[in-house]
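Residue numbers (the numbering used here): 12 to 209.
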Amino acid sequence: MKHTLNVNREVDVIKIAICGRIRSGKDTAAEHLYIKYGFDRIAFADALKRTVSEIFPWMIGPNKPRALLQQYGQLMREIDDSVWIKHAERKVNGTIDFRVNTGSDRIGIVITDLRNPVEYDWARANGFTLIRVTAPDDVRIARAIKAGDDFTVHDLCHETELAIDTFEVDNEVQNDGTVDELKAQIDAILSQLEVSNA
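In C-alpha coordinates:
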(Lines of atoms letter the chains of each structure in order from A and count residues from 1; the text may use other names and numbers.)
(Lines give C-alpha, C1' and ligand atoms only; values in the text may rest on other atoms or scores of the structure.)
Protein backbone atom coordinates (compact mmCIF):
# COMPACT_ATOMS: atom_id res chain seq x y z
CA MET A 1 0.00 0.00 0.00
CA LYS A 2 1.43 3.41 -0.97
CA HIS A 3 0.96 6.40 1.29
CA THR A 4 1.47 9.93 -0.03
CA LEU A 5 2.58 12.20 2.76
CA ASN A 6 2.63 15.94 3.27
CA VAL A 7 6.38 15.82 2.74
CA ASN A 8 5.69 15.05 -0.93
CA ARG A 9 7.16 11.59 -1.12
CA GLU A 10 5.72 8.13 -1.29
CA VAL A 11 6.43 5.56 1.36
CA ASP A 12 5.80 1.85 0.94
CA VAL A 13 3.94 0.43 3.91
CA ILE A 14 3.39 -3.30 4.18
CA LYS A 15 0.84 -4.13 6.87
CA ILE A 16 0.30 -7.71 7.95
CA ALA A 17 -2.06 -9.06 10.61
CA ILE A 18 -1.50 -12.61 11.83
CA CYS A 19 -4.26 -14.75 13.29
CA GLY A 20 -4.09 -18.23 14.69
CA ARG A 21 -5.07 -20.25 17.71
CA ILE A 22 -3.05 -20.51 20.93
CA ARG A 23 0.54 -21.61 20.27
CA SER A 24 0.05 -21.97 16.52
CA GLY A 25 3.21 -19.95 15.81
CA LYS A 26 1.95 -16.38 15.41
CA ASP A 27 4.74 -14.84 17.46
CA THR A 28 7.40 -16.91 15.71
CA ALA A 29 6.15 -15.69 12.32
CA ALA A 30 6.04 -12.08 13.55
CA GLU A 31 9.50 -12.35 15.11
CA HIS A 32 10.84 -13.53 11.75
CA LEU A 33 9.34 -10.47 10.04
CA TYR A 34 10.92 -8.29 12.73
CA ILE A 35 14.39 -9.85 12.63
CA LYS A 36 14.78 -10.46 8.89
CA TYR A 37 12.80 -7.56 7.44
CA GLY A 38 12.70 -4.92 10.18
CA PHE A 39 8.94 -4.98 10.72
CA ASP A 40 7.56 -3.27 13.80
CA ARG A 41 5.53 -5.67 15.98
CA ILE A 42 2.25 -4.51 17.49
CA ALA A 43 -0.37 -6.56 19.32
CA PHE A 44 -3.98 -5.79 20.10
CA ALA A 45 -3.17 -7.29 23.50
CA ASP A 46 -0.22 -4.97 24.26
CA ALA A 47 -2.40 -2.54 26.23
CA LEU A 48 -4.38 -5.45 27.74
CA LYS A 49 -1.24 -7.13 29.09
CA ARG A 50 0.11 -3.83 30.38
CA THR A 51 -3.08 -2.92 32.26
CA VAL A 52 -3.58 -6.43 33.66
CA SER A 53 0.00 -6.45 34.98
CA GLU A 54 -0.56 -3.04 36.60
CA ILE A 55 -3.93 -3.91 38.15
CA PHE A 56 -3.18 -7.54 39.11
CA PRO A 57 0.60 -7.68 39.64
CA TRP A 58 0.23 -10.51 42.17
CA MET A 59 -1.40 -12.67 39.47
CA ILE A 60 1.41 -12.25 36.97
CA GLY A 61 4.06 -14.92 37.28
CA PRO A 62 6.37 -16.79 34.97
CA ASN A 63 3.39 -18.39 33.21
CA LYS A 64 0.99 -16.42 31.01
CA PRO A 65 -2.33 -16.00 32.91
CA ARG A 66 -4.37 -16.82 29.81
CA ALA A 67 -7.80 -17.06 31.48
CA LEU A 68 -7.32 -13.74 33.30
CA LEU A 69 -6.26 -12.00 30.08
CA GLN A 70 -9.23 -13.44 28.17
CA GLN A 71 -11.73 -12.51 30.88
CA TYR A 72 -10.38 -8.99 31.44
CA GLY A 73 -10.15 -8.37 27.70
CA GLN A 74 -13.75 -9.45 27.18
CA LEU A 75 -14.99 -7.31 30.09
CA MET A 76 -13.32 -4.21 28.67
CA ARG A 77 -14.84 -4.98 25.24
CA GLU A 78 -18.28 -4.94 26.90
CA ILE A 79 -17.62 -1.29 27.76
CA ASP A 80 -16.10 -0.44 24.37
CA ASP A 81 -16.01 -3.15 21.70
CA SER A 82 -13.05 -1.40 20.05
CA VAL A 83 -10.98 -0.59 23.15
CA TRP A 84 -7.99 -2.76 22.20
CA ILE A 85 -8.26 -1.78 18.53
CA LYS A 86 -8.06 1.90 19.46
CA HIS A 87 -4.88 1.29 21.42
CA ALA A 88 -3.34 -0.71 18.57
CA GLU A 89 -4.44 1.83 15.96
CA ARG A 90 -2.71 4.63 17.87
CA LYS A 91 0.43 2.53 18.01
CA VAL A 92 0.27 1.68 14.28
CA ASN A 93 -0.21 5.31 13.29
CA GLY A 94 2.47 6.50 15.70
CA THR A 95 4.93 3.93 14.37
CA ILE A 96 4.28 4.90 10.76
CA ASP A 97 4.65 8.61 11.61
CA PHE A 98 7.89 7.92 13.48
CA ARG A 99 9.32 5.87 10.60
CA VAL A 100 8.35 8.52 8.05
CA ASN A 101 9.83 11.31 10.16
CA THR A 102 13.10 9.40 10.50
CA GLY A 103 13.40 9.01 6.72
CA SER A 104 12.16 5.47 6.13
CA ASP A 105 10.96 4.79 2.59
CA ARG A 106 9.77 1.28 3.40
CA ILE A 107 7.80 0.46 6.52
CA GLY A 108 6.59 -2.92 7.77
CA ILE A 109 3.97 -3.36 10.46
CA VAL A 110 2.88 -6.75 11.78
CA ILE A 111 0.00 -7.24 14.19
CA THR A 112 0.72 -10.46 16.00
CA ASP A 113 -2.60 -11.43 17.56
CA LEU A 114 -5.71 -10.83 15.46
CA ARG A 115 -8.42 -12.87 17.22
CA ASN A 116 -11.94 -11.48 17.03
CA PRO A 117 -14.31 -10.27 14.30
CA VAL A 118 -14.04 -6.58 15.26
CA GLU A 119 -10.24 -6.75 14.96
CA TYR A 120 -10.64 -8.61 11.67
CA ASP A 121 -12.97 -5.93 10.26
CA TRP A 122 -10.60 -3.17 11.36
CA ALA A 123 -7.58 -4.89 9.80
CA ARG A 124 -9.44 -5.45 6.52
CA ALA A 125 -10.64 -1.82 6.43
CA ASN A 126 -7.10 -0.57 7.05
CA GLY A 127 -5.31 -2.46 4.30
CA PHE A 128 -3.72 -5.30 6.25
CA THR A 129 -2.82 -8.56 4.55
CA LEU A 130 -4.19 -11.37 6.71
CA ILE A 131 -2.19 -14.51 7.42
CA ARG A 132 -3.58 -17.42 9.41
CA VAL A 133 -1.03 -19.71 11.10
CA THR A 134 -2.38 -23.17 11.89
CA ALA A 135 -1.03 -26.17 13.75
CA PRO A 136 -2.63 -29.43 14.93
CA ASP A 137 -4.18 -29.34 18.41
CA ASP A 138 -1.75 -31.87 19.88
CA VAL A 139 1.22 -29.82 18.66
CA ARG A 140 -0.24 -26.59 20.08
CA ILE A 141 -0.99 -28.20 23.46
CA ALA A 142 2.54 -29.63 23.66
CA ARG A 143 3.97 -26.17 22.91
CA ALA A 144 1.79 -24.56 25.60
CA ILE A 145 2.89 -27.13 28.18
CA LYS A 146 6.54 -26.72 27.21
CA ALA A 147 6.24 -22.92 27.52
CA GLY A 148 4.65 -23.30 30.96
CA ASP A 149 1.40 -21.59 29.96
CA ASP A 150 -1.30 -21.52 32.62
CA PHE A 151 -4.26 -22.84 30.61
CA THR A 152 -7.12 -25.31 30.57
CA VAL A 153 -8.84 -27.12 27.73
CA HIS A 154 -11.64 -24.54 28.14
CA ASP A 155 -9.14 -21.77 27.27
CA LEU A 156 -8.41 -23.57 24.00
CA CYS A 157 -12.12 -23.35 23.11
CA HIS A 158 -12.64 -19.73 24.20
CA GLU A 159 -14.78 -17.69 21.80
CA THR A 160 -11.74 -15.62 20.80
CA GLU A 161 -10.02 -18.84 19.70
CA LEU A 162 -12.97 -20.22 17.73
CA ALA A 163 -13.65 -17.04 15.74
CA ILE A 164 -10.24 -17.33 14.08
CA ASP A 165 -11.34 -20.29 11.96
CA THR A 166 -14.14 -18.24 10.36
CA PHE A 167 -11.91 -15.45 9.00
CA GLU A 168 -11.34 -15.16 5.28
CA VAL A 169 -7.59 -14.69 5.02
CA ASP A 170 -5.18 -13.85 2.22
CA ASN A 171 -2.70 -16.57 3.11
CA GLU A 172 -2.66 -19.62 5.36
CA VAL A 173 0.47 -21.34 6.60
CA GLN A 174 0.60 -24.75 8.26
CA ASN A 175 3.07 -24.79 11.14
CA ASP A 176 3.46 -28.46 11.90
CA GLY A 177 7.09 -28.75 10.86
CA THR A 178 10.28 -26.91 11.72
CA VAL A 179 10.72 -23.23 12.48
CA ASP A 180 12.74 -22.91 9.27
CA GLU A 181 9.80 -24.31 7.28
CA LEU A 182 7.50 -21.72 8.86
CA LYS A 183 9.99 -18.94 8.06
CA ALA A 184 10.21 -20.11 4.43
CA GLN A 185 6.42 -19.85 4.09
CA ILE A 186 6.49 -16.32 5.55
CA ASP A 187 9.35 -15.36 3.19
CA ALA A 188 7.32 -16.55 0.20
CA ILE A 189 4.30 -14.49 1.27
CA LEU A 190 6.43 -11.40 1.81
CA SER A 191 8.00 -11.83 -1.64
CA GLN A 192 4.50 -11.83 -3.17
CA LEU A 193 3.55 -8.70 -1.20
CA GLU A 194 6.68 -6.85 -2.26
CA VAL A 195 5.99 -7.66 -5.92
CA SER A 196 2.37 -6.50 -5.66
CA ASN A 197 3.45 -3.31 -3.84
CA ALA A 198 6.08 -2.41 -6.45
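A virtual CB, placed ideally from N, CA and C, is assigned to each residue, including glycine.
Here Val22 carries a strand assignment [DSSP, helix/strand/coil].
Rounded to the nearest angstrom, the gap between the Cα atoms of Ala78 and Val180 is 27 Å.
In the three-state DSSP reduction, Asp124 falls in the strand class (E or B). In this structure, the alpha-carbon of Asp198 lies about 18 Å from that of Gly31.
A residue is called buried once 16 or more other Cβ atoms fall within 10 Å of its Cβ, and Lys97, having fewer, is exposed. C-alpha of Ile156 to C-alpha of Ala146: approximately 15 Å in a straight line. Counting along the chain, Asp91 sits inside no beta strand (DSSP E), nor does DSSP assign it H or E at all. A check of alpha carbon separations from Val150 across Thr189, Met87, Pro68 identifies Thr189 as the nearest.
Unbroken alpha helix (DSSP H) runs of no fewer than 4 residues, entirely contained in the segment 102 to 167, are found at 128 to 136, 148 to 158, 164 to 167, following chain order. Excluding residues up to 5 positions away in sequence, Val184 lie with their Cβ nearer than 6 Å to the Cβ of Gln196 in the same chain.
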